[in-house]
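First up is the structure itself, then whatever we jot down about it.
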Amino acid sequence: MATIKITQRTKILSNGEYPIFLRITKDRKSKYISLKLSCDISQWNEIKSEFRKSYVNYKQMNAALIEIRNRAEKIISDYLAKGEDITLDEFEALFLNFKLDKKVSVNDFWQEHIDDLNKSGRTGNARFFRDSKTSFFKFLGNKTIYFKDITPLLLDKYEVYLRSNDNIDSGIAVKMRAIRALYNDAIKKGCASKEYYPFITYKISKLKGSSNKRALSIENVHKIINQDLSEHPNLINTRNYFVFSYYTRGMNFNDMMKLKWDDITEDKITYVRGKTKGRFVIKILEPVREILEYYRNQKRPTKYVFPIILKEDLTPIQLENRKEKTLKKFNKDLKQLASLCKIEDKITSYVARHSFATNLKQSGVSTDLISEAMGHQNVSITQAYLKELENDVIDDAMETLLQKVTK
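With positions in the sequence shown counted from 1, the corresponding number in the working numbering is that position plus 194.
Here it is, written out as structure tokens:
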């Protein structure tokens, strides 16, 4: 069994004092862990493993030593309780993680994570963590905290705060996943201890509420396609983007923005989806061909199909800022387009993608085939899209079934 002792070593430091170490001994082997403390030999009681009264602030420092000893003994007892035998290296890793956790604030670690994402060109992820950080520290009043301070109780309070600010389950879950991802990264990098991990108790899965229906019926899609925009030329691009997305398997706005003329042949569009890195080869249907010809005839001096990126050689951060600005306008204009078409459903940039999936399902296409068409990594993601089928569609199916059974 491993034993713990706080001891003073005999190697003198440059300041003339002797260092204090935590020693763990097991199977006649010892490992010394520096506590970053030192004192004169006369100020240390080796038998009691504590500072003498002659040491400045000896009471406070001895209380700190007791806390260190208790922490060390708990690491060992936790292993014994699980029926496991801790090694010297395992003990050192766990003990140092705890110490590091007290030094690295969540504030600094979070910002460094955002900076690293920006440097690596992952600007979308950086914006996600930036927005989550802003929300969390607004709740905290911008005070400095450490990972051990993120408790299940704190997360419960944060959830209440978000609900009081009109956040729904799906939005709350997104923010909580950001904190969980950050905490997991901190543990991996030795900046947080597993002992304080709050997501064993606080379950994000409880926030899986049903999302608002995002898919449009085929009839409403036709309304958008056929709407007269002669008096609303400002909405032509908006409709084109929506229709293009719908007929290209729900291509998202980010991929449309970056689509180049080099990605297009006579009858195919080939691109790599930014989110999943999956490669798509899509047949050009007639509505898509008409939209492509519309923009080809503009003869803009850029390599991009759509007039979203207007300059060449933008940095990743500039591209992300451009996307954020134009996507916001796109969603705003979609509301105006829906109003013109007398569509009451809320329309956003993702509606075309959801509509594509749902309308295929209603046309009798299998979920597996829809999943492949959309590039989903597993069918469960597609099933989440298709949960949004309208109740009246299901009711009609039940009526049809009843008629068949009663004949």
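Beta carbons: idealized from backbone N, C-alpha and C, even for Gly.
message: Could you compute how far the alpha carbon of PHE447 sits from the alpha carbon of THR552?
response: 19 Å
Subject >> Straight-line Cα distance separating ASN515 from ASP234 >> reply: Distance from the CA atom of ASP234 to the CA atom of ASN515, rounded to whole angstroms, is 58 Å.
For LYS327, I'd like the list of residues in its chain whose CB is within less than 6 Å of its CB, leaving aside the five on either flank, ordered along the chain. TRP304
Per-residue burial, VAL475 [other beta carbons within 10 Å of its own, 16 or more giving buried]: exposed
Nearest-angstrom beta carbon gap, ILE502 and THR520 [assumed within contact, 8 Å]
5 Å
Next on the checklist: Please state the DSSP three-state secondary structure of PHE438.
Outcome noted: DSSP places PHE438 in helix when its eight states are reduced to three.
Original post:
Among ARG547, THR459, PRO392 and ARG408, which residue has its Cα nearest to the Cα of VAL437?
Top reply: ARG547
Subject >> LEU429 versus ASN378: straight-line alpha-carbon distance, rounded >> reply: 44 Å
I'd like to know if LYS199 contacts chain B, where contact means its C-beta is closer than 7 Å to some C-beta of that chain.
Absent from the structure: chain B. Only one protein chain is present.
Endpoints, beta strand (DSSP E) assigned at SER533: SER533 -> not in any beta strand (DSSP E); alpha helix (DSSP H) instead, spanning 510–534.
task: Determine the DSSP secondary structure at GLN305, reduced to helix, strand or coil.
output: helix
**OP:** Work out the CA separation of LYS342 and ILE200 for me, nearest whole Å.
**Re:** Rounded to whole angstroms, the gap between the alpha carbons of ILE200 and LYS342 is 24 Å.
Item to check | Top-ranked residue by Cα proximity to LYS205, from SER232, ALA196 and LYS223 | outcome: SER232
inquiry  = Less than 7 Å between the C-beta atoms of PHE323 and ALA367, yes or no?
reply    = no
Select from LYS452, CYS535 and TYR340 the residue whose C-alpha is nearest the C-alpha of LYS517.
From the listed residues LYS452, CYS535 and TYR340, the smallest Cα separation to LYS517 is found for LYS452.
When you compare only the Cα positions, how much space is there between ALA287 and ARG316?
31 Å
State the beta-bridge partners of ILE214 as determined by DSSP.
GLN202 and LEU231
Alpha-carbon to alpha-carbon, THR496 and LYS383:
For LYS383 and THR496, the distance between alpha carbons rounds to 43 Å.
* Thinking just about the alpha-carbon of each residue, which of ARG203, GLY365, ILE362 and ILE198 is nearest to the one in GLU261? -> ILE198
- Count the other C-beta atoms from every protein chain shown that fall within 10 angstroms of the C-beta of VAL415, then say buried if there are 16 or more, exposed otherwise. buried
Classify GLY444: buried if its beta carbon has 16 or more other beta carbons within 10 angstroms, exposed otherwise. buried
Just to confirm before moving on: does the CB-CB distance between PRO427 and PRO392 stay below 7 Å?
no
Leaving out the 5 sequence neighbours to the left and right, which residues in its chain are closer than 7 Å to MET195 when beta-carbon positions are compared?
none
- Assign ALA380 to buried or exposed, taking buried as 16 or more other Cβ atoms, counted over all protein chains shown, within 10 Å of its Cβ. buried
- Same chain only: Cβ atoms within 6 Å of THR219, ignoring 5 sequence neighbours per side: THR197
* **Member of ASN361, ASN431 and ASN434 whose CA lies at the smallest distance from the CA of LEU401** => Residue ASN361 is the option with its Cα nearest to LEU401.
Just verifying my parser: in three-state terms, what is the DSSP assignment at ASN312? helix
| By how many angstroms is the C-alpha of ALA258 removed from the C-alpha of LYS247? | 15 Å
- Message: Within the continuous alpha helix (DSSP H) that includes THR496, where are the two ends?
- Response: Secondary structure note for THR496: it is in no alpha helix (DSSP H), with a DSSP letter that is neither H nor E.
Exercise. Could you tell me which residues DSSP pairs with PHE330 in its beta bridges?
Key: None; PHE330 has no bridge partner.
Fill in: Extent of the continuous beta strand (DSSP E) run through LYS462
From DSSP, the beta strand (DSSP E) with LYS462 extends over 462–466.
| request: Output the distance between the C-alpha atoms of GLN421 and ALA409, rounded to the nearest integer angstrom. | output: 19 Å
Spatial distance of ILE339 from TYR273 (CA atoms) = 28 Å
**Residues sharing a beta bridge with TYR340, DSSP** = SER299
- If I'm right that LYS486 touches ILE458 with Cβ under 8 Å, what's the distance once you round it to whole angstroms? Before going further, note that residue 486 is Leu rather than Lys in the sequence given. Rounded, the Cβ-Cβ distance is 7 Å, consistent with contact.
query: Using the rule of at least 16 other Cβ atoms within 10 Å of the residue's Cβ for burial, across every protein chain shown, is ARG433 buried or exposed?
result: buried
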